[in-house]
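So the number in the numbering used here is just where the residue sits in the sequence shown, counting from 1, plus 12. Every residue gets a Cβ at the ideal spot worked out from N, C-alpha and C, and that includes glycine.
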Amino acid sequence: MQDTTPGDSRLALDLALTVRHDGHGGVADDLSDLAGLTAWVREHAETLPDASELVLDEATLAAVRDLRAAVRALFARAVRPGAPSPADAAHLLPVPEAVARLNAAAARTPTVPVLHWADDTEPVVHRQPSARETDLTAVLAQAAIAFLSGADRRRLRACPAPRCVRYFLKDHPRQEWCKPSCGNRARVARHHERHRHGADRDAEGRAHPAAG
13 MQDTTPGDSR LALDLALTVR HDGHGGVADD LSDLAGLTAW VREHAETLPD ASELVLDEAT
73 LAAVRDLRAA VRALFARAVR PGAPSPADAA HLLPVPEAVA RLNAAAARTP TVPVLHWADD
133 TEPVVHRQPS ARETDLTAVL AQAAIAFLSG ADRRRLRACP APRCVRYFLK DHPRQEWCKP
193 SCGNRARVAR HHERHRHGAD RDAEGRAHPA AG
């Protein structure tokens, strides 16, 4: 199926999804080191402007990870009253701190003064984004702001399947999980839970038979 998710939504989601289930009952972090960030940027070269010109160093990695924590905290707010992703539910940033962190990151876009001086007017200086530098954190923060302030935010959900820590955009009214495999896992878990409760009730009945 062709991905029709707008770029800002896709980029904001993909940043959040660098925290994921590791397939062994734990949580993996795709941005745990500089090599992981470099690989992620290369994978998103089509949606990140001037990706080949980005300076990726340890300071950038720390800034992106700080931004991701803010984005995930605001995703958790966006899905209320639903539960947030279990990956960070116990240590989410307070919303005001997350908002402040997001706005500060978005403001890191480098600007340069540009002179405008038309005939018979006084010279005027405006500031505009510099074409010579691109700050990765600012680009990601601005994408997250565009997503959180747009219509797609209302479709955001935290997948409730066992062990899943993903956020996703709900594509149709009956969609409950981020992908079919999570739906299958959730149904199997519910099936086992029903049988376990049934077995517990049977055992209790045998231990305490009704008087007759």
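Counting along the chain, where does the alpha helix (DSSP H) carrying residue i start and finish?
{"i": "A51", "result": "L46 to E55"}
{"i": "L23", "result": "G19 to A28"}
{"i": "P108", "result": "V107 to A118"}
{"i": "A75", "result": "E70 to A90"}
{"i": "V151", "result": "L148 to L160"}
Quick one: what's got a C-beta closer than 7 Å to residue i's C-beta in the same chain, skipping five residues either side?
{"i": "R175", "result": "H33 and G37"}
{"i": "G94", "result": "R169 and A170"}
{"i": "D26", "result": "H56"}
Are there 16 or more other CB atoms within 10 angstroms of the CB of residue i, so buried, or fewer, so exposed?
{"i": "V136", "result": "exposed"}
{"i": "R92", "result": "exposed"}
{"i": "L127", "result": "exposed"}
{"i": "A170", "result": "buried"}
{"i": "V31", "result": "buried"}
{"i": "Q154", "result": "buried"}
{"i": "P96", "result": "buried"}
{"i": "S161", "result": "exposed"}
{"i": "S64", "result": "exposed"}
{"i": "W129", "result": "exposed"}
{"i": "A173", "result": "buried"}
{"i": "A4", "result": "Residue 4 cannot be examined here, being either before or after the span of the chain that is shown, 13 to 224."}
Strictly by DSSP, which residues pair up with residue i?
{"i": "R139", "result": "P125"}
{"i": "C169", "result": "This sequence places Arg at residue 169; Cys is not what is there. DSSP, once it has assigned bridges, lists F180 as partnering R169."}
{"i": "R32", "result": "A40"}
Here's a check: name, in chain order, each residue in its chain whose Cβ is nearer than 6 Å to the Cβ of residue i, leaving out the five neighbours to either side.
{"i": "P106", "result": "none"}
{"i": "D45", "result": "none"}
{"i": "E109", "result": "none"}
{"i": "A75", "result": "T149"}
{"i": "G19", "result": "T59"}
{"i": "C194", "result": "C171, A173 and C176"}
Tell me whether residue i counts as near the ligand PLP, meaning its Cβ is closer than 6 Å to at least one heavy atom of that ligand.
{"i": "H184", "result": "No copy of the ligand PLP occurs in the structure displayed, which carries no ligand at all."}
Relative to the alpha-carbon of residue i, which residue among the options has its alpha-carbon at the smallest distance?
{"i": "V53", "options": "F87, D147 and R84", "result": "D147"}
{"i": "A119", "options": "T50, R178, D132 and Q140", "result": "Q140"}
Under 8 Å Cβ to Cβ from residue i, same chain only, skipping five residues before and after it: list those, please.
{"i": "A101", "result": "A88 and A95"}
{"i": "A24", "result": "V83, L152, A155, A156, A158, F159 and L160"}
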